[in-house]
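Peer 1: Before I ask anything, let me first share the structure, which is written out below as structure tokens.
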Amino acid sequence: MATVIFKDPSPYSQETTTCHESDYLYQLNEKHVSLKVDAGSDKTINVALFGLGRAGSIHLSNLARNPRTEVLYIVDDEEGKGEKIKRYWKLDKVTILKSSEAEKVFNDPKVDAVVVASPTYTHEDIVRKSLEKGKAVFCEKPVAGDIASTKRCYEKAKQVGQPLFTAFNRRFDPAYSQLRDRVRKGEVGHVHTIKVCSRDSPLPTLNYLKISGGIYHDCAVHDIDMICWILGEYPTQVAVIAHAHTPEIAAIKDHDTVAIVLKFPSGTTGMIDLSRNSCYGYDMRLEVFGPRGIITCHNERPMSGIESQLKLSGSNYNPIYFSFASRHKLAYQYELEHFLDILQGQTSKPKVEGKEVLAVSKIATACEESAKTGQFITIKWAPEELPSSVTV
Numbered sequence: 001m002a003t004v005i006f007k008d009p010s011p012y013s014q015e016t017t018t019c020h021e022s023d024y025l026y027q028l029n030e031k032h033v034s035l036k037v038d039a040g041s042d043k044t045i046n047v048a049l050f051g052l053g054r055a056g057s058i059h060l061s062n063l064a065r066n067p068r069t070e071v072l073y074i075v076d077d078e079e080g081k082g083e084k085i086k087r088y089w090k091l092d093k094v095t096i097l098k099s100s101e102a103e104k105v106f107n108d109p110k111v112d113a114v115v116v117a118s119p120t121y122t123h124e125d126i127v128r129k130s131l132e133k134g135k136a137v138f139c140e141k142p143v144a145g146d147i148a149s150t151k152r153c154y155e156k157a158k159q160v161g162q163p164l165f166t167a168f169n170r171r172f173d174p175a176y177s178q179l180r181d182r183v184r185k186g187e188v189g190h191v192h193t194i195k196v197c198s199r200d201s202p203l204p205t206l207n208y209l210k211i212s213g214g215i216y217h218d219c220a221v222h223d224i225d226m227i228c229w230i231l232g233e234y235p236t237q238v239a240v241i242a243h244a245h246t247p248e249i250a251a252i253k254d255h256d257t258v259a260i261v262l263k264f265p266s267g268t269t270g271m272i273d274l275s276r277n278s279c280y281g282y283d284m285r286l287e288v289f290g291p292r293g294i295i296t297c298h299n300e301r302p303m304s305g306i307e308s309q310l311k312l313s314g315s316n317y318n319p320i321y322f323s324f325a326s327r328h329k330l331a332y333q334y335e336l337e338h339f340l341d342i343l344q345g346q347t348s349k350p351k352v353e354g355k356e357v358l359a360v361s362k363i364a365t366a367c368e369e370s371a372k373t374g375q376f377i378t379i380k381w382a383p384e385e386l387p388s389s390v391t392v
């Protein structure tokens, strides 16, 4: 009876409890429960998907489940795969095409948007032809093979009045988004260091690595973009040490282990620890340190609520997520929702701007040069290169 004096009134007589902003799964479920249709979102968006590889399969699963989209075409050259996908997802109305038949997509006025997840070297041609036919474009990075070609694609998008969205999916990850918000609110003060550990799993196939564009433009771009997006500034110097421990990767003149240091004009130092092969799962950690404290994003686990302590073996946890596909599952969903919001007029400002994409490519190229020369590389920025959200 000693605690009866602390008894609260009935919860029904009190203010309704609302979920914390970090409970993104509850918020997503509530959106589905409410069945609210926003203005302009009642029109189905007809989509053509190019590529059924690692990223393409993820995008297809999200497109097939999304009530706002209908897939009209899938373009892929692997024999028989398109028909298998069609049966698996019950996509009876979908037309399967080879890349040599892609003109049917570009010339079909029913296609509103094109999702580009095909091999890197095909991106520019698909993006350009889609835009020329007045279609919105969602593109896996890179948009094109070099900065000048990427810039021309964005200029074409502006000319035809259609969005060209580059899929830097980590910006849409709930944990990274919350960390950025807290950093921007000044919780750690002026950031002194920001560190990213990014170790891929499983080891990509050699066939993929040969056409990936290299570790800097395929892998490091995500980490570079995330750091710059959090800080709101671009580096003026980069230094890289890299090595290929895997003979097959060395043979294609690429690296599998990279350390990148980024020097920012505000005094902040950025560090990226990058590997192509983590044997224990997809190791993705982020740390921001300043005079007021530290904010860390640890690895996430599929079964994070389970811990065992058996005899004297200590605490044991389930492994971390095995691959980017599972670790960033929600980020892939959210970036697609954002793209659809743009098409339906629910947001006018893309969360990834063309100038940001060009800047990240410029930084990745400087990292590549530093790895080759063993020198610090200075990056100079012209005012017209900078988006409004970024300073140097």
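Take 1 as the starting number for the sequence shown in UniProt numbering and just add one per residue. Ideal placement from N, C-alpha and C gives every residue a C-beta, glycine not left out. In this text the structure is predicted, and so the values were computed from the model without any measurement.
1) Roughly how many angstroms lie between the CA atoms of R285 and S198, to the nearest whole one?
2) Taking R170 as the reference, which of L336, P202 and R276 has the closest Cα?
3) Beta-carbon of L203 versus every beta-carbon of chain C: anything under 9 Å?
4) Helix, strand or coil: which one does DSSP assign to K253?
5) According to DSSP, L28 sits in a beta bridge with which residue or residues?
6) Applying the 10 Å Cβ sphere with the 16-neighbour rule, what's the burial state of E124?
7) In terms of residues, what are the limits of the beta strand (DSSP E) holding H243?
8) So, for L343: in the same chain, excluding its five sequence neighbours on each side, which residues have a beta-carbon less than 8 Å away from its beta-carbon?
9) Compare the beta carbon distance of A366 and V258 with 9 Å and say whether it is the shorter of the two.
10) Should K25 go down as buried or exposed, given a rule of 16 or more other Cβ atoms within 10 Å for buried?
11) Counting Cβ pairs, one atom from each stretch, are 3 or more of them under 8 Å apart for the stretch 98-110 and the stretch 304-314?
12) Along the chain, where does the alpha helix (DSSP H) containing M226 start, and where does it finish?
13) Identify every residue that forms a DSSP beta bridge with L286.
14) Just to confirm my understanding: we take F168, look at its own chain, exclude 5 residues before and 5 after, and list those with CB closer than 6 Å. What are they?
15) Looking at the structure shown, is E368 part of a helix, part of a strand, or coil, going by DSSP?
16) What three-state label does DSSP hand I74 in the structure shown?
17) What is the rounded straight-line gap between the Cα of A117 and the Cα of K141?
18) Which residue from H190, K31 and P202 puts its Cα closest to that of G232?
19) Taking DSSP as the reference, what is the three-state secondary structure of residue 443?
20) Taking the C-alpha atoms as reference points, what is the distance between G82 and L49?
21) Starting from Y12, follow its DSSP beta bridges and name the residues at the other end.
22) Measure the alpha-carbon distance for C297 versus N107 and round it to whole angstroms.
Peer 2: Well, looking at it:
1) On the sequence shown, position 285 is the one that residue 285 refers to. On the sequence shown, position 198 is the one that residue 198 refers to. If I take the Cα positions, the gap works out to 7 Å.
2) Start at 1 with the first residue of the sequence shown, and residue 170 comes out as number 170. Measuring from the Cα of R170, the nearest candidate turns out to be L336.
3) Structure shown: chain C not included; a single protein chain is present.
4) Translated into positions along the sequence shown, residue 253 becomes position 253. Coil at K253, not helix or strand.
5) Here residue 28 refers to the residue found at position 28 of the sequence shown. Looking at the DSSP assignment, L28 forms no beta bridge with any residue, so it has no partner.
6) Residue mapping note: residue 124 aligns to position 124 of the sequence shown, counting from 1. E124 should be labelled buried.
7) Residue numbering aside, residue 243 sits at position 243 when the sequence shown is read from its first letter. From DSSP, the beta strand (DSSP E) with H243 extends over Q237 to H243.
8) The residue labelled residue 343 in the question sits at position 343 within the sequence shown. Within the same chain, L343 has close Cβ partners I45, D112, A113, A136 and P163.
9) Against the sequence shown, residue 366 aligns to sequence position 366. Against the sequence shown, residue 258 aligns to sequence position 258. No.
10) For the purposes of this step, residue 25 is identified with residue 25 of the sequence shown, where counting begins at 1. In the sequence as presented, Lys is not what sits at residue 25; that position holds Leu. Answer is exposed; the Cβ neighbour count stays below 16.
11) no
12) Taking the first residue of the sequence shown as position 1, residue 226 is located at position 226. Per DSSP, M226 belongs to the alpha helix (DSSP H) from V221 to L231.
13) The sequence position of residue 286 within the sequence shown is 286, counting from 1. Partner(s): V196 and C297.
14) In the sequence shown, the residue the question calls residue 168 occupies position 168. Answer for F168: D225 and V352, listed in chain order.
15) For the purposes of this step, residue 368 is taken as residue 368 along the sequence shown, with counting starting at 1. E368 falls in the helix class under three-state DSSP.
16) To locate residue 74, count along the sequence shown from 1; it is residue 74. I74 falls in the strand class under three-state DSSP.
17) As a working mapping, residue 117 is identified with position 117 in the sequence shown. As a working mapping, residue 141 is identified with position 141 in the sequence shown. Cα-Cα distance, rounded: 9 Å.
18) As a working mapping, residue 232 is identified with position 232 in the sequence shown. Ranking H190, K31 and P202 by Cα distance to G232 puts H190 first.
19) Here the chain has residues from 1 to 392 only, and residue 443 is not among them.
20) The residue you call residue 82 lines up with position 82 of the sequence shown. The residue you call residue 49 lines up with position 49 of the sequence shown. Computed Cα separation, rounded: 11 Å.
21) Here residue 12 refers to the residue found at position 12 of the sequence shown. None; Y12 has no bridge partner.
22) Numbered from its first residue, the sequence shown carries residue 297 at position 297. Numbered from its first residue, the sequence shown carries residue 107 at position 107. Cα-Cα distance, rounded: 45 Å.
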